[in-house]
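As C-alpha cells, the structure follows; a few thoughts come after it.
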Amino acid sequence: MNFLSVYRKEIKSYFVSPIGYIVILIFLLINSYIFYVLCIYYAFSSLKYSDYPYPYFTLSPNEWIVKPLFHNMAVTSLIVLPLLTMKLFSEERRLGTIELLFTYPLKDSDIYWAKFLSCLSIFLIMTLIPSLYLLILEKWLILDKRVILNSYFGLLLLGGSFISIGILISSLTESQIISAIVTFGISLIFWIIGWISEIVPAKYLSFFDFISLFNHYENFPKGILDTRDLIFYLSICFFFSFLTLRILVSKKYRG
Amino acid sequence: MIEAKNLTKYYGKTKAIEGVSFYIDKGEIVGLLGPNAAGKTTIIKILTCFLPPTSGTAKINGYDIFENPLLVQKSIGYLPEKNPLYEEFTVGEFLNFVCEAKGIRKKEEKVKKISKVMEECGISDVENKLIYKLSKGYKQRIGIAQALINDPPILILDEPTIGLDPKQIIETRNLIKNLSGKRTILLSSHILPEVSMICERVIIINEGKIIATDTVEKLSSRLKGKMEIYIEIEGNPEKVKNVLNEISGVENVNILPPVKEEINKYIVITDRKKDLRKEISARIVNSGFGLLEIKVEEMTLEDIFLKLTTKE
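Just so you know, the sequences run in chain order Z and B.
Residues in the first sequence are numbered consecutively from 2, following the numbering used here.
Residues in the second sequence are numbered consecutively from 1151, following the numbering used here.
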C-alpha cells in the first residue's frame, strides 16, 4: 500500500521539527505530575482511614487513581491534540507541497488516512506511557487491568474524534495557528455542550447529552464498554473524515 | 502521448482557459508559451490530475485523466511552478519518500533509482544535507530529480528556470536537454529564448486560448513573411509617409516619435520576397529628404510572441 509511504513521512515530519517532542514532553510532564499527586493523595487517605475499616475498604485505587488519571489525560489531549493536527494539511497548502502529494499516484483517501493514523499513533504512544505507570503500582495494589485497558481504549476513541475534527479544520485553512485555535474551540464546545443540560428544556436534554464528547467518555474508566459510546465515537470520526475527504476532492480546495 | 481535448476551466466565474486542444507526440519537446496569467499553469494542473477541468478531457499515455488518474500520475514526472519540497528532510530521505509514494518499494530498487537520479541531476554530493539549507539551484535540481525518479515517459515542467541566476539557468537548461530523447517533455515558460533553445515545437497561449502552435522555425518564418525595414529620415513626416506609401510592395508605414525636429524614425512593413531597400532609399533621396539610416529588423521569437499576444 502506498499509504505507508505517506504514513512514514508524516511520522518522520513530527520529529524533524521540535513540535512532536514538545507536545509529548508537555503531555507527559502534566500527566506524570498528576499521577504522582494522585498516588500521594491515595497513600495519605489510606493511612488516614486505616483505623476505620469501612471507609478503608471503599478506598478503591480504581476510583482514586485510574479514573482521575484518565480524566486528566482526556482533558490534556483536548489541549495538545490541536497542536498535532494543525499542520497536517495547513502546512502542505502553505508550502505548496500539497501539489506534489496530490500529483503522486496516491489516492486521496490513502493520503487522508495516512495522516489520520500517523497522528493517532503519536497519540497512542503519548498516552501509553502514563497508562504504563499504573502497572508499576501493581507491586503494591490490586488493579483491574481490564478497566485500565478499557479506559485506554476509550481515550483512543476520544482522541480519534479530536483528530478527525482537527484534520478537517487543518484542511480548511493555510494558517497553522488558526487551525489549532479553531480545532481547540470546536473540540471544547463538543466537550462542554453537555453542561447546559441543567438549563435547557427536558425534551432537548437528551440531544445535548448525546452529542457531548465528554458524556460518552465517562463510562470507559468505570470499566463499562457500551456499544452506544463506541458507535458514537466511530460515527464522529467517520463523519468528520468524510467531510474532510469531500473537501480534499472539491475543486475549490485545489484552485 | 499527451492529448488535450477542448479543455475549459472556470475558477468561479473567471475563465482561466477555454477550448484548449493540442496533441503532443512521443519524444517531442514542446514549450507552452504565454505571458503570466495566460493559463499555462492551469493547463498543467489539469494534465497532472491536480485540478479537474470544467469541461473537456485529456489523455496522457493513453489513459484518461478522469477514468485512470492514478495511471496518468504514474506515467508523468511533474515539477510544479513554485518547486515545493519537504524542506525539513534531507535530500536522501525526501527522495526515498518520493520513491515509495510512486510505488517503488523494493529496497535494492529504491537505492538504485535514487543513486541514479542523483547522479543524473548532480546532487549526489548533498545527499545527507537538509533541503532548506541548500541553494536555489540545488533545490531546482532536487525538484527535477523527484519528477524523474520513477523514470516516467512524460515530463511536465512548470517554469523550470524561474528565479535562478544565469549560471543555474544554463545548468538547468542543459539538464533538461540531456533528459530529452526517449522522453516526452512539456515545459511552460514565459522566457522566450529558453523555449527556442530547448523546444522543438511551441504552443503559444494567451488569455486562456491557444493562438499558435508550430515549430519554432516555421512560426518565425510564417510571421517573417513580412519584412520590417527601419528607416531614419529628415523631413516632414506626413510628406515622407506619402512618398513611402507610393512605393509598390509597401504594406504599412509606422511613424515613431521624433528624435529631433524634422527627424523621424519609421518602420516600414513590406513583403518578404522582395528587398525594397534600394528602391526606398532612391525614392527618398530623389524626393529631397535626408536619409540618415536604413536597416532590416530581424524578427526574434520575442517579437512574434509580442505580436501574437498584444492587441493593436
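Don't be surprised by glycine CBs; every beta carbon is placed ideally from N, CA and C.
- Interface flag for B/Gly1253 against chain Z is set, since a Cβ pair is found closer than 8 Å.
- Z/Glu100 has a beta carbon lying within less than 8 Å of a beta carbon in chain B.
- Using a Cβ-Cβ distance cut-off of 8 Å, the region 1308-1322 of chain B and the region 1287-1294 of chain B are in contact, since at least three pairs of beta carbons, one from each stretch, lie closer than that value.
- Taking a Cβ-Cβ cut-off of 7 Å, the neighbours of B/Gln1223 in chain Z comprise Thr104, Tyr105 and Pro106, given in sequence order.
- Each residue's CA atom was taken as its position, placing B/Leu1337 and Z/Leu79 some 48 Å apart.
- Taking 8 Å as the cut-off between beta carbons, the residues of the region 1190-1205 of chain B near chain Z are Lys1195, Thr1198, Cys1199, Phe1200, Leu1201 and Pro1202, in sequence order.
- For B/Glu1238, at least one C-beta of chain Z is nearer than 8 Å to its own C-beta.
- Scanning its chain for C-beta atoms nearer than 7 Å, with the 5 sequence neighbours on each side dropped, one finds around Z/Leu118 the residues Tyr8, in chain order.
- Closest by C-alpha distance to Z/Leu135, out of Z/Ser188, Z/Cys40, Z/Ile12 and Z/Ser242, is Z/Cys40.
- Looking at the DSSP output, B/Leu1336 sits in a beta bridge with B/Val1180 and B/Ile1306.
- In the DSSP assignment, B/Ala1297 falls within the unbroken alpha helix (DSSP H) covering Lys1286 to Leu1298.
- With its beta carbon at least 8 Å from every one in chain Z, B/Leu1336 lies outside the interface.
- Rounded to the nearest whole angstrom, the CA to CA distance from B/Asp1175 to B/Lys1165 is 28 Å.
- Fully contained in the region 1352-1430 of chain B are the following beta strand (DSSP E) runs of length 3 or more, in chain order: 1359-1365, 1376-1384, 1400-1405 and 1413-1421.
- Against chain B, a Cβ distance below 7 Å from Z/Gly21 picks out nothing, because the smallest value is about 12 Å.
- C-alpha of B/Thr1192 to C-alpha of Z/Lys116: approximately 27 Å in a straight line.
- In the three-state DSSP reduction, Z/Tyr8 falls in the helix class (H, G or I).
- Rounded to the nearest angstrom, the Cβ distance from Z/Phe124 to Z/Gly155 is 13 Å, too far for a contact under 8 Å.
- With a 10 Å radius around the Cβ and a threshold of 16 neighbouring Cβ atoms, Z/Tyr113 comes out buried.
- Annotation note: the region 175-204 of chain Z contains the following uninterrupted alpha helix (DSSP H) runs of length 4 or greater, listed N- to C-terminal: 177-193.
- Here Z/Glu175 is not near Z/Arg247, since their CB atoms are 8 Å or more apart.
- Listed along chain Z are Asn3, Leu5, Ser6, Val7, Arg9 and Lys10, each with a C-beta nearer than 9 Å to that of B/Glu1250.
- Using a Cβ-Cβ cut-off of 8 Å, B/Tyr1228 counts as an interface residue toward chain Z, since at least one Cβ of chain Z sits closer than that to its own.
- Contact check for B/Glu1231 against B/Gly1358 fails: the beta carbons are separated by 8 Å or more.
- As the crow flies, the alpha-carbon of Z/Phe103 is around 35 Å from that of Z/Val76.
- In this structure, B/Gly1440 places its C-beta atom within 8 Å of the C-beta atom of B/Glu1384.
- Interface annotation, Z/Ser119: not in contact with chain B, CB-CB separation never under 8 Å.
- Going by beta carbons, B/Glu1382 and B/Glu1309 fall outside the 8 Å limit.
- Taking 8 Å as the CB threshold, B/Leu1314 stays off the interface with chain Z.
- Where B/Leu1229 is concerned, the enclosing beta strand (DSSP E) starts and stops at Ile1226 to Leu1229.
- Interface residue (Cβ-Cβ distance to chain Z less than 8 Å): B/Phe1247 is classified as such.
- Taking 9 Å as the upper bound on Cβ-Cβ separation, chain B lies near residues Ser18 of the region 18-47 of chain Z.
- B/Cys1199 sits close to B/Gln1223, with the two beta carbons spaced by under 8 Å.
- Contact of B/Lys1232 with chain Z is assigned, a C-beta pair being separated by under 8 Å.
- Taking the beta carbon of B/Leu1284 as reference, no residue of chain Z falls within 9 Å; the closest one sits roughly 15 Å away.
- Between the alpha carbons of B/Tyr1213 and B/Ile1306 lies a distance of about 16 Å.
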